[in-house]
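Everything on this sheet refers to the single structure shown next.
Numbering (the numbering used here), first residue to last: -17 to 259.
Shown next as structure tokens:
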């Protein structure tokens, strides 16, 4: 879906993020089409050809159940959450298959790829550090998640996956009936601007703490503190993106309105989260 020669390894670039958003839009159009709903105008020739082929299959084989499989690393939880929201919008089922693979195995698999298709080893190592596996305990929307090994699957394992998919298909995501619940849930996910300001403030707080630690900590201790703070920063950002961590509504509103007193209140809130035990 995303040309490797154009976007390969540029996971932080605006082009890469725009391309990922395009796939979300494509899946939404496909689901709308399959459900017989009104179509958007932003449909290209590729989407049309896929839709026509899919329609032929579903009609010829009289299939009433269609699985849309998104094969992607999706190492950030926020990448997957977009599709959960889509499932909720259309009252569809949603699940995750997490293929667990050690870094050493991934590096070995990578070496067996055809020339020109291998990935730089540091990319695999970096992605492993960023990977956020499904967390059913803290994120109810990830309840239907199954972890499977990366090794060759046995017949028993394949049957387990099929059973899991069939079970999930009978339990679609349900929209809250109460408008108040819908509004409350929409507040869980902050706007892009708020998340950006949170990230900027977290970096400032961490920078101040690291500078302050230079007078009282040894180099090894500073390095350890830097790693802990960086991990906590990523955890806080992801928590805010997914709604696990709620930024007070007054702070969100102040950030959106660009109020001058926002900085200190946001700093105080984030400082309380950025603690080292």
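For each residue, glycine too, the CB sits at the ideal point set by N, CA and C.
message: By the DSSP assignment, the alpha helix (DSSP H) with residue 89 in it spans what residues?
response: 85 to 93
task: With DSSP collapsed to three states, give me the class of residue 80.
output: DSSP places residue 80 in strand when its eight states are reduced to three.
query: Can you tell me whether DSSP reads residue 50 as helix, strand or coil?
result: Correct three-state label for residue 50: coil.
Cβ neighbour criterion (16 or more within 10 Å) applied to residue 236: buried
query: Thinking C-beta only, is residue 156 closer than 9 Å to residue 70?
result: yes
query: By a C-beta neighbour count over all protein chains shown, 10 Å radius and 16 as the cutoff for buried, is residue 183 buried or exposed?
result: buried
message: Using 9 Å as the threshold, is the C-beta distance between residue 16 and residue 48 below it?
response: Less than 9 Å divides the Cβ of residue 16 from the Cβ of residue 48.
- request: Find the nearest neighbour of residue 58 within the set 193, 247, 109 and 248, judged by alpha-carbon distance.
  value: Ranked by how close their Cα comes to the Cα of residue 58, the residues 193, 247, 109 and 248 have 109 in first place.
message: I'd like the list of long-range same chain contacts for residue 226, defined as Cβ closer than 7 Å, with 5 residues on each side in sequence excluded.
response: 120 and 121
- prompt: In this structure, does DSSP put residue 130 in helix, strand or coil?
  reply: strand
message: Just to confirm before moving on: does the CB-CB distance between residue 75 and residue 131 stay below 9 Å?
response: No Cβ-Cβ contact shorter than 9 Å links residue 75 with residue 131.
- prompt: Of the residues 133, 103 and 10, which one's Cα is nearest the Cα of residue 64?
  reply: 10
- prompt: Taking just the CA atoms, how far does residue 142 sit from residue 136?
  reply: 10 Å
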